[in-house]
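Notes follow once the structure below has been shown.
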Amino acid sequence: MSQIPQAFLSDKPEQGPSPRRARTFEELFQGFPVILAPMEDVSDAVFRRLTRRYGADLCVTEFVNAEGLLRGCRNAKRKLTLDADDKPTAIQIYGADPTRLAEAARVAESAQPAFIDINCGCWVPKIAGRGAGAGWLRDPKAMVDMAKLIGSSVSLPVTVKTRIGYGPESEMPIVDLARRLEDVGVRALTIHCRTANMGHSGAADWTWAAKAKAVVSIPVIVNGDIKTAEDAVRARDTTGCDGAMIGRAAIDHPWVFGEARTLLDTGVPVPPPTPAQRFAMCREHLLANVEERGEPHGVRVTRRHLTGYLRGLPGAASIRKRLLFCDSLSGCLEILAEESERLAA
Ligand SMILES: Cc1cc2nc3c(=O)[nH]c(=O)nc-3n(C[C@H](O)[C@H](O)[C@H](O)COP(=O)(O)O)c2cc1C
Numbered sequence: 000m001s002q003i004p005q006a007f008l009s010d011k012p013e014q015g016p017s018p019r020r021a022r023t024f025e026e027l028f029q030g031f032p033v034i035l036a037p038m039e040d041v042s043d044a045v046f047r048r049l050t051r052r053y054g055a056d057l058c059v060t061e062f063v064n065a066e067g068l069l070r071g072c073r074n075a076k077r078k079l080t081l082d083a084d085d086k087p088t089a090i091q092i093y094g095a096d097p098t099r100l101a102e103a104a105r106v107a108e109s110a111q112p113a114f115i116d117i118n119c120g121c122w123v124p125k126i127a128g129r130g131a132g133a134g135w136l137r138d139p140k141a142m143v144d145m146a147k148l149i150g151s152s153v154s155l156p157v158t159v160k161t162r163i164g165y166g167p168e169s170e171m172p173i174v175d176l177a178r179r180l181e182d183v184g185v186r187a188l189t190i191h192c193r194t195a196n197m198g199h200s201g202a203a204d205w206t207w208a209a210k211a212k213a214v215v216s217i218p219v220i221v222n223g224d225i226k227t228a229e230d231a232v233r234a235r236d237t238t239g240c241d242g243a244m245i246g247r248a249a250i251d252h253p254w255v256f257g258e259a260r261t262l263l264d265t266g267v268p269v270p271p272p273t274p275a276q277r278f279a280m281c282r283e284h285l286l287a288n289v290e291e292r293g294e295p296h297g298v299r300v301t302r303r304h305l306t307g308y309l310r311g312l313p314g315a316a317s318i319r320k321r322l323l324f325c326d327s328l329s330g331c332l333e334i335l336a337e338e339s340e341r342l343a344a
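Here numbering that gives the first Met the number 0 is used: the first residue of the sequence shown is 0, the next is one more, and so on.
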């Protein structure tokens, strides 16, 4: 960190709302938590820390390949590592073989996450086509048996994240599936309210989460197209679910967690981030990623977030362009300092 000018280090972003500290699994789902979705190459340790600081109540790791984990693959191990302050965080695993998944769940358990989540929702052909992720939706009985096996293999609570069906069923299997997963001991369910065939296109239909919630007593988390604090309130009020999970909107706007938390709890909207807060978010994320990964990798992985962080600022497109061609931390910090001074002038 010695190459970072002191001026930047002392320019701390404002503190967001504190994450709540649940002591039991049940407490995690009290008060309608707003949850950072598992997102590959996004929901890493750095982004979890950042979103938690800005109000995420609970985080889920990017999915971890069960086979990679069992082979001791470096990437899987990295994804499994939870810092002492990375709480509450669940570890998500995926795979197609129930026995291997159960073994991987035991390995994941040793990292002491809040719970273990099984990915039954990834639609990407190389994963779902091999029976993992949303591939489980093609055989609901196999999914239920697999979840039961994993639940009996670990002492931590086991949860499932899935979609409403594979597509194009007219009556989605999710309602019956929710009941059956609850029956075999699954402790909570996250429903991405699209079919696997839809990928990320088309509108998420939250009514399926409401229907599933109506038949189970375990927590049900609604996911898909929750982009703003107002969406989170609408998701709570129209589905009766126990929490909201936010994915893509957080990539551009991590403030969404604090905004949602405040609106859910008080009904009062939070003003949008100021230009200074937007620049501070860029700096904070760059510094944390470079500390974690070094240069230039730490700079490069932060880029996908910068468009959103800078959104609405005068000249945002040209700031982004300047940052796009800069691989060094000090260079990026200089650009941010120059541009924020320009806007303040
Ligand atoms: C870049 C990216 C990576 C994702 N990786 C995962 C993953 O590892 N595990 C998972 O269950 N879902 C994954 N998802 C799906 C999200 O968790 C979420 O279900 C989906 O984006 C819908 O929520 P949203 O509309 O809030 O984005 C990913 C989504 C994106 C955009």
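Cβ coordinates follow ideal geometry from the N, Cα and C atoms, glycine included. Owing to the predicted nature of the structure, the values given are computational and were not obtained by experimental measurement.
Out of curiosity, what's the CA-to-CA distance linking residue i and residue j?
i      : j      : result
Asp43  : Arg247 : 14 Å
Val159 : Ile190 : 9 Å
Glu13  : Gln276 : Low local confidence applies: a pLDDT of 40 at Glu13 is under 50, so the model's placement there is unreliable, and no value is given.
Tyr93  : Val63  : 6 Å
Ile250 : Val41  : 8 Å
Lys140 : Ile245 : 29 Å
Leu262 : Pro272 : 15 Å
Pro313 : Leu328 : 23 Å
Ala336 : Met280 : 13 Å
Arg321 : Gly184 : 52 Å
Ala95  : Asn118 : 10 Å
Val157 : Val215 : 16 Å
Arg282 : Leu148 : 45 Å
Lys11  : Ala243 : With a pLDDT of only 38 at Lys11, under the threshold of 50, the placement of this residue in the model should not be trusted; the figure read from the coordinates follows. C-alpha separation (whole angstroms): 29 Å.
Ala110 : Cys72  : 15 Å
His199 : Arg48  : 26 Å
Cys121 : Arg129 : 11 Å
Asp345 : Arg235 : Residue numbering for the chain in the displayed model covers 0 to 344; residue 345 lies beyond these limits and cannot be assessed.
Trp207 : Val174 : 7 Å
Ser151 : Ala21  : 24 Å
Following a CB-centred definition, is residue i positioned closer than 7 Å to any heavy atom of ligand 1?
i      : result
Cys346 : The question about residue 346 has no answer here: the residues shown for the chain are numbered 0 through 344.
Arg48  : no
Glu258 : no
Lys78  : no
Met145 : no
Gln111 : no
Pro37  : yes
Asn118 : yes
Gly223 : yes
Ala55  : no
Gly246 : yes
Glu340 : no
Glu61  : yes
Lys125 : no
His252 : no
Lys86  : no
Gln276 : no
His191 : yes
His304 : no
His284 : no
Identify the continuous alpha helix (DSSP H) that holds residue i and give its terminal residues.
i      : result
His304 : His296 to Tyr308
Lys147 : Pro139 to Ser152
Lys212 : Thr206 to Val214
Met280 : Pro274 to Arg292
Ala316 : Ala315 to Leu323
Gly67  : Ala65 to Arg70
Leu263 : Val255 to Thr265
Thr98  : Pro97 to Glu108
Start and end of the beta strand (DSSP E) containing residue i?
i      : result
Val183 : Note, Val183: premise wrong, no beta strand (DSSP E); not H, not E.
Leu424 : Not covered by the structure: residue 424. The range shown for the chain is 0 to 344.
Gly160 : Going by the sequence as given, residue 160 is Lys instead of Gly. That run of the beta strand (DSSP E) goes Val157 to Gly164.
Asp116 : Ile115 to Cys119
Gly330 : Where Gly330 is concerned, there is no enclosing beta strand (DSSP E), although the alpha helix (DSSP H) it sits in stretches over Leu328 to Ala343.
Val33  : Val33 to Leu35
Asn196 : Per DSSP, Asn196 belongs to no beta strand (DSSP E) and is neither H nor E.
Val221 : Val219 to Asn222
Using beta-carbon positions only, say whether residue i and residue j come within less than 8 Å of one another.
i      : j      : result
Ala75  : Leu100 : no
Asn196 : Pro167 : yes
Val123 : Gly132 : yes
Ile217 : Leu188 : yes
Leu155 : Ile220 : no
Thr88  : Pro112 : yes
Leu57  : Val106 : no
Thr301 : Asn288 : yes
Asp326 : Glu290 : no
Arg162 : Leu180 : no
Phe253 : Ala228 : Before going on, a small fix: residue 253 reads as Pro here, not Phe. Contact: no.
Val59  : Ala83  : no
Val33  : Arg186 : no
Gly30  : Gly257 : no
Ala203 : Thr238 : no
Leu309 : Ala315 : yes
Pro274 : Leu342 : yes
Strictly under 8 Å for the Cβ-Cβ distance: is residue i near chain D by that measure?
i      : result
Glu294 : In summary, chain D is missing from the structure at hand, where a single protein chain is found.
Could you check whether the Cβ of residue i sits closer than 7 Å to any heavy atom belonging to ligand 3?
i     : result
Val41 : The model on display carries ligand 1 but not ligand 3.
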